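Everything below concerns the one structure shown next.
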Amino acid sequence: MVKALEAALGPIAEQASLTTIGPVVSADLINQALILILVGSVGILLWITYRFQDVKFGVTALVALVHDVIVVVGIFAILGTFLRVEIDALFVTAMLTVIGFSVHDTIVVFDRIRENRARHAGEPFAEIVNHSILQTFARSIMTSFTVVLTLLALLLFGGSAIRNFVLALLIGIISGTYSSIFNASPLLVVWNNWEARRLGRTGSTRAPRTRRAAS
Numbered sequence: 032m033v034k035a036l037e038a039a040l041g042p043i044a045e046q047a048s049l050t051t052i053g054p055v056v057s058a059d060l061i062n063q064a065l066i067l068i069l070v071g072s073v074g075i076l077l078w079i080t081y082r083f084q085d086v087k088f089g090v091t092a093l094v095a096l097v098h099d100v101i102v103v104v105g106i107f108a109i110l111g112t113f114l115r116v117e118i119d120a121l122f123v124t125a126m127l128t129v130i131g132f133s134v135h136d137t138i139v140v141f142d143r144i145r146e147n148r149a150r151h152a153g154e155p156f157a158e159i160v161n162h163s164i165l166q167t168f169a170r171s172i173m174t175s176f177t178v179v180l181t182l183l184a185l186l187l188f189g190g191s192a193i194r195n196f197v198l199a200l201l202i203g204i205i206s207g208t209y210s211s212i213f214n215a216s217p218l219l220v221v222w223n224n225w226e227a228r229r230l231g232r233t234g235s236t237r238a239p240r241t242r243r244a245a246s
């Protein structure tokens, strides 16, 4: 039927589509990403503070989260400068996913710190944090490793349409795993020691007994 129509009417022109990202669209994407990240960060700060009944946990988790966002955006800025990598709406989705993963990984460590602090109230807080990191280290690495393998497969064989999205996820998850172990928890110890010195106690303060937060 198509050939008959082409013979009678001539070749059927195919409708071409062109998608461009101008300065206005790019500005809208940036504003949307900033608003979503800001709203998500405030919500995460409030929720973690409530969950652990201590603002230190919320703030240090937020610092680790900001670190992950800066790492992803910074690497994409470098790639955009040298390899013409562009951001789109999927990049915003990837950033929100990275935030969720980073917070989840950090909460796992923080939850173990809370449990160990309740069990070993007489030990120095730094030792409690160190034990908690060692207890959750293998779990965090193995979980992230399985996700990274999946993302590598998608990056290599998933096609160009989702390549930047997958790349952002890959960078963010690696950064999130690192920051939950080596940024958030050490910052918690530094803050605790600073607070102890400010209150006139020794820097190697022993962990106080705290009530368990409602799950």
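32 is the number of the first residue of the sequence shown in my numbering; add one for each residue after it.
Heads up, the beta-carbon is just placed ideally off N, CA and C, and yes, glycines get one too.
Computed from a predicted structure; not experimentally measured.
Going by C-alpha distance, which of 218, 164 and 131 is nearest residue 144? The residue you call residue 144 lines up with position 113 of the sequence shown. Nearest of 218, 164 and 131 to residue 144, Cα basis: 164.
Classification of residue 204 by the beta-carbon crowding that lies within 10 angstroms, buried from 16 upward: In the sequence shown, the residue the question calls residue 204 occupies position 173. That one is buried.
Would the segment 73-83 and the segment 112-125 be scored as touching if the rule is three or more Cβ pairs under 8 Å? Between the segment 73-83 and the segment 112-125, the count of Cβ pairs shorter than 8 Å is below three; the stretches do not touch.
State buried or exposed for residue 92, treating a residue as buried only when at least 16 other CB atoms are found within 10 Å of its CB. For the purposes of this step, residue 92 is taken as residue 61 along the sequence shown, with counting starting at 1. Classified as buried, residue 92 has 16 or more neighbouring CB atoms from the shown chains inside 10 Å of its CB.
For residue 210, which residues in the same chain have their Cβ closer than 7 Å to its Cβ, ignoring the five residues on either side in sequence? Counted from its first residue, the sequence shown places residue 210 at position 179. The beta carbon of residue 210 is closer than 7 Å to those of 95, 98, 99 and 133 in its chain, skipping five residues each way along the sequence.
By a C-beta neighbour count over all protein chains shown, 10 Å radius and 16 as the cutoff for buried, is residue 169 buried or exposed? Translated into the one-based positions of the sequence shown, residue 169 becomes position 138. With fewer than 16 Cβ atoms within 10 Å of its Cβ, residue 169 is classed as exposed.
Measure the C-alpha to C-alpha separation of residue 180 and residue 189 and round it to an integer number of angstroms. Taking the sequence shown and counting its residues from 1, one reaches residue 180 at position 149. Taking the sequence shown and counting its residues from 1, one reaches residue 189 at position 158. When rounded, the distance between both Cα atoms is 13 Å.
Proximity to residue 198 [Cα-Cα], best of 88, 67 and 126: Indexing the sequence shown from 1 puts residue 198 at position 167. When 88, 67 and 126 are compared, the shortest CA-CA separation from residue 198 is found for 126.
Start and end residues, alpha helix (DSSP H) containing residue 217: In the sequence shown, residue 217 corresponds to position 186, counting from 1. Run containing residue 217: 216-229, per the alpha helix (DSSP H) assignment.
If you draw a straight line from the C-alpha of residue 149 to the C-alpha of residue 123, how long is it? On the sequence shown, position 118 is the one that residue 149 refers to. On the sequence shown, position 92 is the one that residue 123 refers to. Approximately 39 Å between the Cα atoms of the pair.
Between residue 110 and the rest of its own chain, which residues show a CB-CB distance below 7 Å, the 5 nearest in sequence each way excluded? Taking the first residue of the sequence shown as position 1, residue 110 is located at position 79. Leaving aside the five residues that flank residue 110 on each side, the residues in its chain whose CB is nearer than 7 Å to its CB run, in chain order, 116.
How big is the Cα-Cα spacing for residue 141 and residue 221? Looking up residue 141 in the sequence shown gives position 110. Looking up residue 221 in the sequence shown gives position 190. Going by the C-alpha atoms only, they are around 15 Å apart.
Which residue from 147, 130, 102 and 137 puts its Cα closest to that of residue 69? Locating residue 69 in the sequence shown gives position 38, where the first residue counts as 1. Taking only the C-alpha atoms, the option nearest residue 69 is 130.
Residue 186 beta carbon less than 8 Å from that of residue 201: Within the sequence shown, numbered from 1, the residue matching residue 201 stands at position 170. Within the sequence shown, numbered from 1, the residue matching residue 186 stands at position 155. Cβ distance < 8 Å, so residue 201 and residue 186 count as in contact.
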